[in-house]
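First the structure, in the form of C-alpha cells, and then the observations on it.
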Amino acid sequence: MSVTLEGNMLVTGSNRGIGLELVKQLAERTGAEAHIYASCREPEGTRAEALRELSTQHPGKITIIKLDTSDEDSICAAVRAVNEEIGAGGLNLLINNAAINKPARPAPLSATGKKDMMEVYETNVVGPFLLAKMFLPLLQRAAERFSPEDHEGDMMSCRRSAIINISTVISSVKKCPETFSMAPMYPYRTSKTALNMLTRCQAEDFRKHNILVTAIHPGWVCTDMGGEQAPLAAQDSVLGLLSVMSSLSNKDSGMFIDWQGNSIPW
Ligand SMILES: NC(=O)c1ccc[n+]([C@@H]2O[C@H](COP(=O)([O-])OP(=O)(O)OC[C@H]3O[C@@H](n4cnc5c(N)ncnc54)[C@H](OP(=O)(O)O)[C@@H]3O)[C@@H](O)[C@H]2O)c1
34 MSVTLEGNML VTGSNRGIGL ELVKQLAERT GAEAHIYASC REPEGTRAEA
84 LRELSTQHPG KITIIKLDTS DEDSICAAVR AVNEEIGAGG LNLLINNAAI
134 NKPARPAPLS ATGKKDMMEV YETNVVGPFL LAKMFLPLLQ RAAERFSPED
184 HEGDMMSCRR SAIINISTVI SSVKKCPETF SMAPMYPYRT SKTALNMLTR
234 CQAEDFRKHN ILVTAIHPGW VCTDMGGEQA PLAAQDSVLG LLSVMSSLSN
284 KDSGMFIDWQ GNSIPW
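In the numbering used here, the protein residues as written are 34 to 299.
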C-alpha cells in the first residue's frame, strides 16, 4: 500500500499502541522532508522508552513533545514548542489519537460514575477540540503554502492540511443496537460520538481554509485498550490507516470511515 504523506505531522498519545505504530510507520514510509512530532504525556518516563528508542533510530526525523491532551496548559505549551520548531512550513497533519476508556473494562451503568464521564470527555472530546483550535493557525499556514497545481489539483488532502480524529465503530448511533451488548461502555462510546460531531462541525468550519477533517475507525486492534483477543495487529491497522489517509480528498472531509476506507453510518 502506498503512503504519500509529507510535511510536518503531529500524533497524540504516541508512546504506545496505535499511536506508537503510527509514528514508526510514518518515520519509515515518508520522505526525507517529512517530520513527525510525536507527543506523549511523559517523554522522559519509562512509558516512553519505546518512543525514545524509535526516535534514535530515525535521527532528525522525530521530535518528542510533551503533551497531555486533558490539560489546557499542556496543550498551549506543546503548540508553542511546535511553533518554535516548525518555522514557515506550518502543520500539515494533526492526528488526534490519544484516548482513554473508563471504567477500564466494559462496565455496567451501575459501575460508571460522573468522574468516569468527565475524565473520558476531557481526554477524548475536549482535548481534540482544543488541539484543533490551538493548532489552527499552524494548519492554516500549511494550507496556504500548498499549491494544488503541483499535487494533481486536489484542494484538500492530508499532504496539504488535515485533522484526523481516531474514532471507533462503536460510536455509531446507527450500529448501537448490534454493538452495545459486546461493549457496554457509556463514557467511551458517547465521547467518541461527540468526537464525530466535532469532526463534522470542524469539517464545515475549516473548509474555507482548505483543511480536511475526517474521523477514522482503526479496526479492533490488539493494544492495551483493544485487548489481547483483538483480531487486528497494530501494524496492519496502521498500514491501512496511512493508506486511507494518503487517499483522502475533498469528498472525504466531514466523513466517518474505517481503516480500509469503508464508510461507517453515523
Ligand atoms: N484498540 C482498539 O481496538 C481501538 C478500536 C477503536 C478505536 N481505537 C482508538 O484508537 C486510538 C488509540 O487506541 P489504542 O488502542 O492505541 O489505545 P492505548 O493502547 O490505550 O493507547 C492510548 C494512548 O493514548 C495516550 N493517552 C491517554 N490519555 C492521554 C492524555 N490525556 N494525554 C496524552 N496521551 C494520552 C496513552 O498514553 P499513556 O501511556 O500516557 O497513558 C497512550 O499512548 C484511541 O483513540 C482509541 O479510542 C482503538
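Glycine included, every Cβ here is placed at the ideal spot set by N, Cα and C.
(message) What does the alpha-carbon distance come out to for the pair V267 and S88?
(response) As a position in the sequence shown, residue 267 is number 234, starting the count at 1. As a position in the sequence shown, residue 88 is number 55, starting the count at 1. Looking at the sequence itself, residue 267 is Ala, so the reference to Val does not match. Whole-angstrom Cα-Cα distance: 19 Å.
(message) So, at 6 Å on beta carbons, what are the nonlocal neighbours of N41 in its own chain, with the 5 sequence-adjacent residues on each side left out?
(response) As a working mapping, residue 41 is identified with position 8 in the sequence shown. H68, I119, G122, L124 and N125.
(request) State the beta-bridge partners of T201 as determined by DSSP. (result) Working through the sequence shown from its first residue, we reach residue 201 at position 168. According to DSSP, T201 bridges with nothing at all.
(request) Taking Y221 as the reference, give the member of C255, V158 and P298 with the closest Cα. (result) Along the sequence shown, one-based indexing puts residue 221 at 188. Residue V158 is the option with its Cα nearest to Y221.
(request) Would you grab the beta carbon distance between S282 and M189 for me? Rounded to a whole angstrom, and I think it's under 8 Å. (result) Counted from its first residue, the sequence shown places residue 282 at position 249. Counted from its first residue, the sequence shown places residue 189 at position 156. Contact between S282 and M189 holds: CB atoms are separated by about 6 Å, below the 8 Å threshold.
(request) Buried or exposed for R80, please, with buried defined as at least 16 other CB atoms from any protein chain shown within 10 angstroms of its CB. (result) Mapped onto the sequence shown, residue 80 falls at position 47. When all chains shown are included, R80 counts as exposed.
(message) Am I right that T145 and P136 are in contact with their C-beta atoms under 8 Å? What's the rounded C-beta distance?
(response) Counting from one through the sequence shown, the residue named residue 145 turns up at place 112. Counting from one through the sequence shown, the residue named residue 136 turns up at place 103. Rounded, the Cβ-Cβ distance is 6 Å, consistent with contact.
(message) Could you give the first and the last residue of the continuous alpha helix (DSSP H) run that contains D106?
(response) The residue you call residue 106 lines up with position 73 of the sequence shown. E105 to I119 is the span of the alpha helix (DSSP H), which, as asked, contains D106.
(request) Give the DSSP bridge partners of Y219, in chain order. (result) For the purposes of this step, residue 219 is taken as residue 186 along the sequence shown, with counting starting at 1. The partner list for Y219 (beta bridge, DSSP) is empty, contrary to what the question assumes.
(request) Rounded to whole angstroms, what's the CA-CA distance from S279 to R74? Just pull it up for me. (result) Translated into positions along the sequence shown, residue 279 becomes position 246. Translated into positions along the sequence shown, residue 74 becomes position 41. Pairing S279 with R74, the inter-Cα distance amounts to about 27 Å.
(message) Among the candidates N48, G52 and L43, whose CA atom is the shortest distance from the CA of S270?
(response) Counting from one through the sequence shown, the residue named residue 270 turns up at place 237. S270 has its Cα closest to that of G52, out of N48, G52 and L43.
(request) Look at the alpha carbon of G46 and the alpha carbon of E54, and state the distance between them as a whole number of angstroms. (result) Within the sequence shown, residue 46 is the residue found at index 13, counting from 1. Within the sequence shown, residue 54 is the residue found at index 21, counting from 1. In a straight line, the C-alpha of G46 is about 11 Å away from that of E54.
(request) State the CB to CB distance for the pair V277 and G294, rounded to an integer number of angstroms; the pair is presumed to be in contact (CB under 8 Å). (result) As a first step, residue 277 must be located in the sequence shown, where it is residue number 244. As a first step, residue 294 must be located in the sequence shown, where it is residue number 261. Indeed, because the Cβ distance is near 5 Å, the residues count as touching under 8 Å.
(request) Tell me whether W292 counts as near ligand 1, meaning its Cβ is closer than 7 Å to at least one heavy atom of that ligand. (result) For the purposes of this step, residue 292 is identified with residue 259 of the sequence shown, where counting begins at 1. Because no heavy atom of ligand 1 lies under 7 Å away, the Cβ of W292 does not count as near it: no.
(message) Helix, strand or coil, according to DSSP, for L267 in the structure here?
(response) As a first step, residue 267 is located in the sequence shown; it is residue number 234 there, counting from the start. Reading off the sequence, residue 267 comes out as Ala, not Leu. Of the three classes helix, strand and coil, the one that applies to A267 here is helix, per DSSP.
(request) Going by CA-CA distance only, name the one from M218, T223, E237 and A216 that's closest to A206. (result) Taking the first residue of the sequence shown as 1, we reach residue 206 at position 173. The amino acid at residue 206 is misidentified as Ala; the sequence shows Val. Residue T223 is the option with its Cα nearest to V206.
(request) On a CA-only basis, which of P141, S194 and R233 is nearest S214? Give me that one, please. (result) Here residue 214 refers to the residue found at position 181 when the sequence shown is read from its first residue. Checking every option, the nearest Cα to that of S214 belongs to P141.
(request) Taking the CB atoms as reference points, tell me whether A216 and S194 lie closer together than 8 Å. (result) Locating residue 216 in the sequence shown gives position 183, where the first residue counts as 1. Locating residue 194 in the sequence shown gives position 161, where the first residue counts as 1. Their beta carbons are not under 8 Å apart, which means A216 does not touch S194 by this criterion.
(message) To the nearest angstrom, how far is the alpha carbon of L169 from that of V202?
(response) Here residue 169 refers to the residue found at position 136 of the sequence shown. Here residue 202 refers to the residue found at position 169 of the sequence shown. When rounded, the distance between both Cα atoms is 27 Å.
(request) Pick out whichever of P264, E82, P76 and M288 has its Cα sitting closest to the Cα of A236. (result) As a first step, residue 236 is located in the sequence shown; it is residue number 203 there, counting from the start. A236 has its Cα closest to that of M288, out of P264, E82, P76 and M288.
(message) Does the beta-carbon of W299, which I'm using as the reference point, lie nearer than 7 Å to any heavy atom of ligand 1?
(response) Translated into positions along the sequence shown, residue 299 becomes position 266. No, ligand 1 has no heavy atom inside 7 Å of this Cβ.
(request) May I have the straight-line CA-CA distance separating Y154 from K148, to the nearest angstrom? (result) The residue labelled residue 154 in the question sits at position 121 within the sequence shown. The residue labelled residue 148 in the question sits at position 115 within the sequence shown. Spanning the two alpha carbons is a distance of roughly 10 Å.
(message) Given the structure, does R138 come close to ligand 1, in the sense that its CB is under 7 Å from one of the ligand's heavy atoms?
(response) Residue mapping note: residue 138 aligns to position 105 of the sequence shown, counting from 1. Relative to ligand 1, R138 has its C-beta separated by 7 Å or more from all heavy atoms.
(request) Look up C73 in the DSSP assignment and give the residues it is bridged to. (result) Locating residue 73 in the sequence shown gives position 40, counting from the first residue. K99, per the DSSP bridge assignment.
(request) Leaving aside the five residues before and after P264 along the sequence, list all residues of the same chain whose C-beta is less than 7 Å from its C-beta, in chain order. (result) As a position in the sequence shown, residue 264 is number 231, starting the count at 1. Correct list, in chain order: W253.
(request) Just grab the DSSP bridge partners of D149 for me. (result) Taking the first residue of the sequence shown as 1, we reach residue 149 at position 116. Per DSSP, none; premise fails for D149.
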